[in-house]
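Be aware that the sequence shown starts at 1, since it is given in this note's numbering, and climbs by one per residue.
We treat Cβ as the ideally placed atom computed from N, Cα and C, and that holds for glycine.
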Amino acid sequence: MTSHRMTRSVAANATSKPTQTEVPDVTYNFVAQNVDTFRALPLYMGALGIIGVIANRIVSGAAPVVDASSGASRVDVLIIFLSAVLLLTGLQWLSLKPRDMPQEDMLGVEIEPWFDPGVKLPAGVAEELRWAWEALRGATRVRSLVLLYDGRNIFHAGVIAPGVRPGGAAGGQICSDAIATGRGNYLANLVLYPGRKEFMGYLPEGTQGVVVQPVGKSGVLIAASDTVRGISRLDQAWISTIADKLEVSIDGFKVSKGVGFGAAKEKK
């Protein structure tokens with residue numbers, strides 16, 4: 001029997017087969033890792049320019065007052081002006097701080113990995129799904145993972161909407177489009193999308209973002225996050241890779257009483 005416990009979980013399109021070079025992530029970006037240093041560079045360079053002008057005039061014995069009576073003085077005036085621009089730019093850049101998106105409570109029931117008892121999955125698929133769920137839950141902001149195949153909800157793990165029994169998830173237009181095009185879809189701020197109603201029947205209130213990734217021509221993997229823009233491009237690529245692996249493992253598998261997906265079904 002599936003175990004339940006009440007909890008308050010606090011814890012851009014992607015192609016179906018992206019590579020690491022196609023999905024740059026801040027984790028591997030030197031500039032992003034040292035963003036404060038790079039923002040301060042104009043400040044440092046501006047200060048260095050002004051100090052250089054003063055030091056040059058002291059060493060050369062020129063008058064400390066800069067005027068426009070000579071070519072050298074005019075160059076110094078230009079350098080001081082450009083240095084002042086750099087100083088102001090550096091101060092402005094340092095004042096700009098990206099806003100961290102808070103984690104929101106996903107109010108619902110957290111369930112252990114649930115499998116449709118009426119579906120006999122190919123060997124090893126259940127373990128792959130369990131591993132995928134544990135890995136995504138531990139390393140990303142994914143808090144709910146759902147697999148629909150042939151229109152049937154055969155797997156659900158994580159937080160589920162209260163009062164909803166596992167197995168009740170159904171695919172809508174967004175899922176159908178993902179399967180029809182073979183391209184994943186990331187709804188980074190779910191509340192802004194009218195199509196969010198497609199997921200609210202089984203995902204809990206407080207779900208902030210959803211990744212919809214096709215699994216071949218018959219399935220779709222749905223990963224829900226508790227943070228707006230909380231799933232990075234690298235995370236999306238990872239979810240895509242998991243979906244590709246599941247496609248290979250489930251290849252040729254047919255779900256009894258599967259209803260299929262709208263757009264994908266019409267193309268068959």
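| query | result |
| --- | --- |
| Neighbour-count burial assignment, residue 209, 16 or more Cβ in a 10 Å radius | buried |
| Collapsed DSSP secondary structure at residue 237 in the structure displayed | helix |
| Straight-line Cα distance separating residue 89 from residue 53 | 19 Å |
| Residue range of the alpha helix (DSSP H) that includes residue 173 | 173-181 |
| Range covered by the alpha helix (DSSP H) that runs through residue 136 | 125-139 |
| Option in 124, 166, 191 and 129 with minimal Cα separation from residue 229 | 191 |
| Alpha carbon of residue 18 to alpha carbon of residue 151, nearest angstrom | Any reading at residue 18 needs caution, since the residue's pLDDT is 39, under 50, leaving its predicted position unreliable; the model's value is listed next. Residue 18 and residue 151: Cα-Cα distance of roughly 25 Å. |
| Beta strand (DSSP E) segment containing residue 115, residue limits | 106-115 |
| Residue closest to residue 136, alpha-carbon to alpha-carbon, out of 211, 41, 161 and 31 | 211 |
| Alpha-carbon spacing of residue 113 relative to residue 37, whole angstroms | 44 Å |
| Selection from 128, 200 and 232 that minimises the alpha carbon distance to residue 250 | 128 |
| Beta-ladder partner(s) of residue 205, from DSSP | 107 |
| Of the residues 236, 166 and 86, the one placed nearest residue 39, counting alpha carbons only | 86 |
| Beta-carbon contacts of residue 123 that lie in its chain and below 8 Å, excluding the five residues immediately before and after | none |
| Alpha helix (DSSP H) segment containing residue 193, residue limits | First-last for residue 193: undefined, no H or E at that position. |
| 6 Å Cβ shell around residue 49 - same chain, five flanking residues per side excluded | 79 and 83 |
| Alpha carbon of residue 133 to alpha carbon of residue 41, nearest angstrom | 42 Å |
| Between the CA atoms of residue 109 and residue 167 - distance to the nearest angstrom | 14 Å |
| Range of the contiguous alpha helix (DSSP H) that encloses residue 52 | 35-60 |
| Beta-bridge pairing of residue 214 - partner residues as DSSP gives them | 220 |
| Span of the beta strand (DSSP E) around residue 158 | 152-160 |
| Cβ pair count under 8 Å reaching 3, the region 159-176 against the region 195-206 | yes |
| Stretch pair the region 236-252 + the region 154-167: three plus CB contacts closer than 8 Å | no |
| CA-to-CA distance, residue 186 to residue 195, given in whole angstroms | 12 Å |
| Among 231, 188, 145 and 238, nearest to residue 220 - alpha-carbon criterion | 145 |
| Same chain, Cβ closer than 6 Å to residue 215, neighbours up to 5 away in sequence not counted | 221, 243, 246 and 247 |
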